[in-house]
Amino acid sequence: MTIEMFLCAYLFLINLLTFILFGLDKAKASTHSWRIPEKTLLLLSFAAGFPGGWLAMLLFRHKIKDFSFLPYMILITLSWLIGIIVFLRLNS
Numbered sequence: 612m613t614i615e616m617f618l619c620a621y622l623f624l625i626n627l628l629t630f631i632l633f634g635l636d637k638a639k640a641s642t643h644s645w646r647i648p649e650k651t652l653l654l655l656s657f658a659a660g661f662p663g664g665w666l667a668m669l670l671f672r673h674k675i676k677d678f679s680f681l682p683y684m685i686l687i688t689l690s691w692l693i694g695i696i697v698f699l700r701l702n703s
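Sequential numbering of the sequence shown, starting at 612, is according to my numbering.
Printed below as a string of structure tokens:
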């Protein structure tokens, strides 16, 4: 397996897992049962799952108005975007 294939598989799986856990947390919030900790959702987003997190937030309308959670997602996303831009500029 090449590094590119590994990276693509990792990105797919981390985003799928993040999306699913955001969805499960929304379902659990609706039934007032045990919730997935916000730290877990943020850690998965930080581990490159932020696109799956944003997609789940928009589709499930989950944590969109949570002003204690949203700034962290924005910061994670901006950090990744800046890191990608820097990486691409250094390697071009």
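Backbone N, C-alpha and C define an ideal beta-carbon position, used for all residues, glycine too.
Terminal residues of the alpha helix (DSSP H) in which residue i lies
i, result
"Phe558", "Residue 558 cannot be examined here, being either before or after the span of the chain that is shown, 612 to 703."
"Pro682", "681-701"
"Trp665", "661-671"
"Lys650", "649-655"
Beta-carbon gap between residue i and residue j smaller than 7 Å
i, j, result
"Met668", "Lys674", "yes"
"Phe671", "Lys637", "yes"
"Ser656", "Ile685", "no"
Residue environment, residue i, which counts as buried when at least 16 other CB atoms sit within 10 Å
i, result
"Trp645", "exposed"
"Thr771", "This structure gives no information on residue 771, because the portion of the chain shown stretches from 612 to 703."
"Phe602", "This structure does not reach residue 602, given that the chain is present from 612 up to 703, and the question cannot be answered."
"Phe698", "exposed"
"Phe623", "exposed"
Residue of the options minimising C-alpha distance to residue i
i, options, result
"Ile631", "Ile695, Phe617, Leu652", "Leu652"
"Leu627", "Leu681, Ala640, Trp665", "Trp665"
7 Å Cβ shell around residue i - same chain, five flanking residues per side excluded
i, result
"Pro662", "Asn626"
"Ser641", "none"
Cβ neighbours of residue i in the same chain (closer than 8 Å, five flanking residues each side left out)
i, result
"Trp691", "Ala659, Phe661"
"Pro682", "none"
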